[in-house]
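Notes to accompany the following structure.
Number of protein chains: 2
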Amino acid sequence: MDTTSNDIAAEWAATYRRGCPSRTVIEVLANKWALYVLGALRRYDRPMRFNELKRLLDGITQKMLTQTLRALERDGLVSRTVYPTVPPRVEYGLTALGIEAGRLTNAIGDWSVQHAQEILAARRGFDERATVEPAPVR
Amino acid sequence: MDTTSNDIAAEWAATYRRGCPSRTVIEVLANKWALYVLGALRRYDRPMRFNELKRLLDGITQKMLTQTLRALERDGLVSRTVYPTVPPRVEYGLTALGIEAGRLTNAIGDWSVQHAQEILAARRGFDERATVEPAPVR
Chain A
1 MDTTSNDIAA EWAATYRRGC PSRTVIEVLA NKWALYVLGA LRRYDRPMRF NELKRLLDGI
61 TQKMLTQTLR ALERDGLVSR TVYPTVPPRV EYGLTALGIE AGRLTNAIGD WSVQHAQEIL
121 AARRGFDERA TVEPAPVR
Chain B
1 MDTTSNDIAA EWAATYRRGC PSRTVIEVLA NKWALYVLGA LRRYDRPMRF NELKRLLDGI
61 TQKMLTQTLR ALERDGLVSR TVYPTVPPRV EYGLTALGIE AGRLTNAIGD WSVQHAQEIL
121 AARRGFDERA TVEPAPVR
């Protein structure tokens, strides 16, 4: 490894140190529900209401969707607009920053779909080997 | 929204349905420790031993690193090589598929570092507003 690679690696290690602000940012995105919410808002390309998102994100609980939207709003990735109707209508959309983040999280989603069969085959092979081989040495 | 956007959205919704195989793949990557392990192996660009990864990934427990490496190996993203020394030396490296996945997860890491200040400022603003405004209507 040359000096440049060493520098890159050292910078990487510092970034991922516990307590480093960028790590708290990464951890908002490295979360399946954040990834799904950003992904849905970006793929549908329009603001959505809470119940529409909830229907779309199969398996999310009301509590988890509330927490996820709040975390994304807090980080400036999702905007929350209240319309003064009776009852008030609330819509969630992506900010400019959220559009960028959604592009990255959807790249992970697209890649996963593209390679799902390959990965599931690896998984089956691993599970078959695990049943015939002794426990591995770490 | 035109027909094409509707189609894209419908495809997106099907992909993210609970029980869809691609969702189980996404969820391996949408995990901070998987993101950090893939990121480290890709950034350092060489195989690593368990203890070296553990030192590098500040805050990870032995159990969590073991589980994460096993999940990534099971999915064919990480290779585990045992050298017949005494005691055996075990190294973890990226497979071709893992190199691709690491590129995507590092894109999220790089973006988070690049926008950390902006996101932290949004976070401070949100917390300040939260202390003066009444609880929001959902």
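Protein sequences, first through last, are from chains A and B.
Start counting the first sequence at 1; every next residue gets the next number (our numbering).
Start counting the second sequence at 1; every next residue gets the next number (our numbering).
Note that beta-carbon positions come from the ideal geometry of N, C-alpha and C, so glycine has one too.
Remember, predicted model here, so these are calculated numbers, not experimental data.
Could you tell me which residues DSSP pairs with B/E91 in its beta bridges?
Answer by DSSP bridge pairing, in chain order: B/T81.
For A/G39, I'd like the list of residues in its chain whose CB is within less than 7 Å of its CB, leaving aside the five on either flank, ordered along the chain.
G102, T105, N106 and G109
Cβ contact (3+ pairs, closer than 8 Å) linking the stretch 107-126 of chain B and the stretch 60-67 of chain B
no
Partner residues on chain A for B/D75, Cβ-Cβ distance less than 7 Å
I119, A122 and R123
Starting from the beta carbon of A/S139, find every residue of chain B whose beta carbon is closer than 7 Å, and list them in chain order.
Only positions 1 to 138 of chain A appear in the structure, and residue 139 of chain A is not among them; the question remains open.
Evaluate the contact criterion for the stretch 74-84 of chain A versus the stretch 35-55 of chain A: three or more CB pairs, one atom per stretch, below 8 Å.
yes
By Cβ distance, which residues of its chain are closer than 6 Å to A/T81, with the 5 residues on each side in sequence left out?
E91
Please list the partners that B/Y44 has in chain A, where partner means a Cβ-to-Cβ separation under 7 Å.
A9
Could one say the Cβ of B/L53 lies closer than 8 Å to chain A's Cβ atoms, at least one of them?
no
C-beta contact flag for A/A9 and B/R89 at 8 Å:
no
Quick one: what's got a C-beta closer than 8 Å to A/Q62's C-beta in the same chain, skipping five residues either side?
K54
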